[in-house]
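Notes follow the structure.
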Amino acid sequence: MNLASVFYFQDILFYTSFIPLIGILLLIFISPEQQKLLKVIALNFSALPFLIFLVIWGGFKKSVGTFQFVTKLLWIPVLNLNVTLGIDGISLFFLLLTTLLIPLCILISWNSIHSNLKGYLIAFLMIEFFLIGVFCVLDVLLFYIFFESILIPMFLVIGIWGSRERKILASYYFFLYTLLGSVVMLLSILYIYNQVGTTDYEVLLTFVFSDLEQKLLWFTFFLAFAAKVPMVPVHLWLPEAHVEAPTAGSVILAGVLLKLGTYGFIRFSLPLFPQASFYFTPFVYTFSLIGIVYASLTAIRQTDFKRIIAYTSVAHMNVVMLGIFSFNNVGIEGALLQSLSHGFVASALFVIIGVVYERYRTRLVKYYGGLVHTMPLYISIFLFFTMANIGFPGTSGFIGEFLIFAGSFKVNSSITFFGATGMILGGCYALWLFNRIAYGNLKSQYLKQTLDINKREFFIFFPLICYTLIFGLTPDAYLSSIHMSVNNLVENMYF
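Okay, so the sequence shown: first residue is 405 according to the working numbering, each after it adds one.
Rendered as structure tokens:
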């Protein structure tokens with residue numbers, strides 16, 4: 405079997421998606437006392453899909469804008485429903501991001517989770533399985549099933565393994581806010597099935613809904629996706645969930661789960677309801693700008709380390725919304741790159757918080773200061789990701805934001821101006837936070853342990869640093885793979 409046949413093995417997506425489930429089956433039959441074996445199995449079965457998707461990236465046809473590696477299986481014949489899997493340039497990198505972060509989450513929790521470790525690891529493998537499904541399925545109904553199924557293991561991760569007394573409340577916040585909007589989307593999917601006779605995504609692309617249908621359907625999808633982004637005012641679950649979740653939970657929340665909203669807009673709202681997307685653009689711009697300014701100003705006044713980064717995530721994801729609704733190649737490609745960049749940078753920042761929380765058991769900024777004297781390597785990594793978070797040239801954050809604002813400037817220069825204020829405010833809260841943590845006098849009465857990061861923590865940061873630099877210094881490695889898919893999306897919207 406030659407290399408090309410490996411790249412284009414027809415059912416590779418189908419078999420890859422089941423790797424986490426195989427890991428779950430093995431974990432079920434292993435004794436809970438064998439904690440090291442449990443962690444090794446979970447780490448290997450979560451990392452293997454990442455290696456496979458790297459191989460798929462190597463065989464990905466950049467000159468093709470349609471779906472590749474397509475697999476279609478009969479699901480419910482009487483209802484004409486099929487399981488269809490496939491990827492394009494838009495979904496490929498979300499899959500790479502997902503399958504990179506899940507094994508990192510297991511490494512993050514290597515020494516910090518002791519109670520019910522088996523259940524914890526199973527929850528993360530379930531999250532990986534559902535996320536692979538979200539980004540691979542080419543059926544609106546199946547997308548909804550995977551989209552909602554993620555709530556269950558994430559609800560358990562926050563509610564059982566959360567770090568503080570409000571973890572139950574935070575888990576319900578997360579579950580209810582994201583579920584309520586999605587229930588309305590299910591009703592719209594049923595309406596689409598009744599009208600078209602199928603929920604197959606590629607068939608729906610050829611179907612033209614009336615203007616009224618587009619507006620109603622678009623708005624129901626918007627309710628589901630806006631809560632995931634999250635946009636103001638349905639953002640309240642995010643700070644609570646981040647503060648109460650374990651470090652790995654925060655990483656997967658910021659790194660991937662927030663991207664489900666932006667992915668949903670790009671994959672479904674824009675191509676299926678183009679006229680409604682144009683019609684509601686001022687509405688989206690208004691709430692995005694409010695979200696950028698409000699979240700940035702709120703981040704400045706926070707005292708909890710995690711809550712600060714949580715509000716910065718709200719601001720950055722609302723910037724992504726400006727790029728998505730620019731309706732041109734530059735803005736949408738920038739939105740995708742910024743989503744990917746935020747996955748690396750925000751995840752790293754939550755790991756940075758977790759490193760000091762494991763040592764000092766507090767996230768209040770006032771108890772820190774002067775760590776540059778005792779943890780120089782930690783502070784160097786913190787500085788790197790702080791610069792990436794505010795879009796410093798040479799990092800992926802700069803390329804993403806530049807493309808977003810270049811794309812939105814073509815549509816509305818005023819929107820671009822007000823959106824760019826987020827960059828100024830971002831510099832304020834990010835640099836002020838870094839200054840309070842790194843410099844000043846060492847508060848020795850609180851910081852009794854002075855250990856710098858260890859090998860395990862360094863190897864968690866290393867791939868995130870590499871990808872942040874690779875996509876910042878050589879963005880064509882990413883943009884060349886998504887260009888044809890984005891071009892195909894934009895052409896279908898206008899024609």
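Beta carbons are placed, not taken as given, at the ideal position from N, Cα and C, and that holds for glycine.
Fair warning: this is a prediction, and the values are worked out from it, not measured in the lab.
Closest Cα partner of residue 580 within the set 631, 799, 843 and 697: 631
Taking all protein chains shown into account, do 16 or more other C-beta atoms lie within 10 angstroms of the C-beta of residue 519, making it buried, or fewer, making it exposed? exposed
Take residue 887 and list the residues in its own chain whose beta-carbon comes closer than 6 Å to its own, dropping the five residues that flank it on each side. none
With contact counted as at least three CB pairs below 8 Å, one residue from each stretch, are the segment 621-639 and the segment 571-589 in contact? yes
If you draw a straight line from the C-alpha of residue 738 to the C-alpha of residue 807, how long is it? 5 Å
Cβ-based neighbour list, residue 415, same chain, cut-off 6 Å, excluding 5 preceding and 5 following: 475
Assuming contact is defined by CB atoms lying nearer than 8 Å, are residue 730 and residue 859 in contact in what I supplied? no
Span of the alpha helix (DSSP H), counted from its first residue to its last, around residue 826: Where residue 826 is concerned, the enclosing alpha helix (DSSP H) stretches over 817-842.
On the CB-based measure, 16 or more other CB atoms within 10 Å of its CB, does residue 772 come out buried or exposed? It is buried - the Cβ of residue 772 has at least 16 other Cβ atoms within 10 Å.
Kindly indicate which three-state DSSP category residue 468 falls into: helix, strand or coil? coil
Apart from the five residues just before and just after residue 409, which ones in its own chain have a Cβ nearer than 6 Å to its Cβ? Note that residue 409 has pLDDT 44, beneath the 50 cutoff, so the model's placement of it is unreliable and the number below is only indicative. Once the five neighbours on either side are set aside, residue 409 has no close Cβ partner at all.
Just to confirm before moving on: does the CB-CB distance between residue 525 and residue 506 stay below 8 Å? no
If distances are taken between C-alpha atoms only, which option among 640, 680 and 803 comes closest to residue 741? 803
Measuring alpha carbon to alpha carbon, tell me which of 434, 469, 788 and 527 ends up nearest residue 652. 527
Under three-state DSSP, which class holds residue 434? In this structure, residue 434 counts as coil in the three-state DSSP scheme.
Note down, one range per segment and in chain order, each alpha helix (DSSP H) of at least 4 residues found wholly within the segment 556-608. Annotation: the segment 556-608 contains the following complete segments of the alpha helix (DSSP H) (minimum length 4 residues), in chain order: 571-600 and 605-608.
Look up residue 923 in the DSSP assignment and say whether it is helix, strand or coil. Examination of residue 923 is not possible in this model, given that the chain is present from 405 through 899 alone.
Going by the beta-carbon positions, is the gap between residue 535 and residue 660 smaller than 8 Å? yes
With a Cβ-Cβ cutoff of 8 Å, do residue 782 and residue 749 count as a contact? no
Which residues does DSSP list as the beta-bridge partners of residue 478? 486
According to DSSP, what are the bridge partners of residue 543? 604
For residue 671, which of 894, 479 and 459 has the nearest alpha-carbon? 894
Answer yes or no: do residue 754 and residue 694 have a C-beta to C-beta separation smaller than 8 Å? no
Could you tell me which of 635, 592 and 605 sits nearest to residue 618, measuring between CA atoms? 592
What does a CB cutoff of less than 6 Å around residue 871 pick up in its chain, not counting 5 residues either side in sequence? 748
Keeping to the same chain, check which residues put their C-beta closer than 6 Å to that of residue 800; ignore five residues upstream and five downstream. 745, 872, 875 and 876
First through last residue of the alpha helix (DSSP H) which encompasses residue 462: 439-462
Between the Cα of residue 784 and those of 825, 844 and 856, spot the shortest distance and give me the residue it belongs to. 856
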